[in-house]
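In this note's numbering, the protein residues as written are -10 to 658.
Inspection log for the structure reproduced underneath, given as structure tokens.
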């Protein structure tokens, strides 16, 4: 019989900076108010919509914790007579993930409390979210104690968590610590190490603060093999006044590698290459430069990876940097027919834990299985990189999702693991479907589909792309249409151009966009002529309302015809409207001959002007390119799949990195 040893899986933690905005992710003072089960709601559409609205509604009573209750990183005080739950994102134990993906079969919870009359109550939940009391213990008349609970993982096939509540008696109670441990095989006793790979461009202070945050965490230090910063910008992290403190804390673990702007794909690939060539770390973790991380999440991801049944990619979740209790997404998949990323089935995006925490949210108790994890925080075993290759050379967009699909096909799953997370700017605050990034969205999505789509012609890919082009044309977004055309033409050229174009494509895309007024952004509101219309809107109607399905279908049929008409003369010198970014939908923009449209980030606006001749030319090109794509799809599938192993190989990437592989470009900490 093989011998085992005790391994720490997870410990109780509290916010490093005592930030009340994130405290609901660590401790919950509210009672549990579970939403209705979907089978109780039934299939009635109105009932389902009402239930969703109810789920989004907060259930908080206004109970507050005081920052002074945080005694230390691992200890919390509970005032006399109060009850607090640790059934939260960072302190509940995600039992179903350990049950499904790891070698662990049973865990032991140890909770240390001080204070007479303190009670510790252990709960578990089922996949439906219903909770059950498992065990309880009390200090009674003693001044404190440590309570241990042996907990099986067998009932968690479909989902469920363990957690504990603490109730204070006549005395104040301090929850000194809590640890979840397991008996694991001897060969899994030692923890792995990680090369932290951060790609940065022109965010020197943000990146340096992240480095300092990582370096200052003493618990994390033994897990770090190196911290590599891929510097690709002009405003360099070495010039940040925040860097000396990071250098002092990280010491010789820090490496700053300078290279040209090869995008996130090129930055992460360089880190992956360095990690594979160095060969001393168990994992490489991809992390964005503009995040705030919970260092304990890195430790948990490594621990879970160490104890996974097979080599497994372990991803973290992304919370909103500007509203820190809000979870952007709980897990993502690639919908195969449309070949578009989306939240996994059953997931609600932009979930606010401050309004409805874990114990009150039924869907959070399902185990969510994913196809990939974004590289804002993603742990990849070195063995996986050695087997399936490095990042696809695509600059930005789809490199992380394509890698997840490629690894999955090779037998390496991805687990987006609760309790591992960063705070990041959410995608909804960006304008990446219209600006220069639109090129990479389209090209890289088609490349990924050619590599991995199980359907002939990529399922709905070509039809959907054509429809999107027409919508952009109706919306007068001619710069976006033009670079999307270029993206598809580059896809048709085959995989041989991907490495070649990596250093130059961004400049080409930006040069193309500058030819169109809708891409010429102005910060000054007075840069545009005042709004004037040749005739007022009919009956003074406001057209910002969201149209119904029938109205949208009618608009989709009529708007392309309207684009062929001659524009109203006054629209050539004066915009007909000012449109907020949130309202800049094709069915609204298509009603105007010109408009000033603001951008999603709120910093600028652009002038959109309808041009019938441009519309005709681009519509013809749209039809032609998509027909060619459909015709040549089988050939392209063969070419891209045949070349995948080469273009993601360390050797191919080394050739691309050659101009920056000299020693002076690599600065040790």
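Glycine residues also receive a C-beta, built at the ideal position from the N, C-alpha and C atoms.
- For the pair residue 425 and residue 281, the CB atoms are not nearer than the 8 Å cut-off.
- Note on geometry: alpha-carbon atoms of residue 505 and residue 271 lie some 49 Å from one another.
- Distance check between residue 549 and each of 438, 605, 5 and 423 places 605 closest, using alpha-carbon atoms only.
- Segment contact: the stretch 114 to 133 against the stretch 171 to 184, fewer than three CB-CB distances shorter than 8 Å; contact not assigned.
- Relative to the Cα of residue 265, the nearest Cα in the group 179, 4, 214 and 442 belongs to 214.
- Each residue's CA atom was taken as its position, placing residue 212 and residue 384 some 29 Å apart.
- Secondary structure at residue 562: coil, using DSSP grouped into helix, strand and coil.
- Only residues of its own chain outside the window of five on either side were considered, and among them 502, 505, 507 and 508 have a CB closer than 6 Å to the CB of residue 468, listed in chain order.
- DSSP places residue 170 within a strand segment (E or B) once states are collapsed to three.
- For residue 474, there is no enclosing beta strand (DSSP E); the residue is part of the alpha helix (DSSP H) that begins and ends at 467 to 482.
- If you keep only unbroken beta strand (DSSP E) runs of at least 3 residues inside the stretch 210 to 273, you get 213 to 220 and 243 to 247.
- Closest by C-alpha distance to residue 179, out of 220, -6 and 224, is -6.
- Residue 444 counts as exposed, since fewer than 16 other beta carbons sit within 10 angstroms of its beta carbon.
- When the beta-carbon positions are compared, residue 365 and residue 307 come within less than 8 Å of each other.
- Here residue 285 is buried. Its C-beta has 16 or more other C-beta atoms within 10 Å.
- DSSP places residue 330 in the strand class (E or B) of the three-state scheme.
- Under DSSP, residue 136 takes part in a beta bridge, and its partners are 100.
- If you look at residue 309, you'll find it isn't in any alpha helix (DSSP H); it sits in the beta strand (DSSP E) that goes 302 to 309.
- Positions of the alpha helix (DSSP H) runs, each at least 4 residues long and wholly inside the stretch 570 to 620, are given as 575 to 578 in order along the chain.
- In this structure, the alpha-carbon of residue 19 lies about 31 Å from that of residue 209.
- Note that the C-beta distance between residue 423 and residue 458 is not below 8 Å.
- DSSP places residue 293 within a helical segment (H, G or I) once states are collapsed to three.
- Beta-bridge pairing by DSSP links residue 124 to 111.
- One Cα belongs to residue 101, the other to residue 649, and the distance between them is close to 53 Å.
- Residues of the same chain with a CB within less than 7 Å of the CB of residue 562, apart from the 5 flanking positions on each side, are 518 in chain order.
- Contact check for residue 361 against residue 321 passes: the beta carbons are separated by less than 8 Å.
- If you draw a straight line from the Cα of residue 64 to the Cα of residue 279, it comes to about 29 Å.
- Taking a contact as a CB-CB distance under 8 Å, the pair residue 200 and residue 239 counts as one, their CB atoms being some 6 Å apart.
- If you draw a straight line from the Cα of residue 634 to the Cα of residue 389, it is about 16 Å long.
- In the structure shown, the three-state DSSP call for residue 430 is helix.
- Under the criterion of beta carbons closer than 8 Å, residue 59 and residue 140 do not qualify as touching, at roughly 26 Å.
- If you draw a straight line from the Cα of residue 291 to the Cα of residue 91, it is about 12 Å long.
- Taking one beta carbon from each stretch, the stretch 583 to 601 and the stretch 336 to 348 have fewer than 3 pairs nearer than 8 Å; the two do not touch.
- Excluding sequence positions up to five before and after residue 595, its CB lies within less than 8 Å of the CB of 506, 507, 508, 509, 510, 511, 585, 586 and 588, all in the same chain and listed in chain order.
- Shown here for residue 259: same chain residues with a beta carbon closer than 7 Å to its own, the five before and five after excluded, namely 219, 246, 248 and 646 in chain order.
- Linking residue 582 to residue 544 through their CA atoms gives a straight-line distance of about 16 Å.
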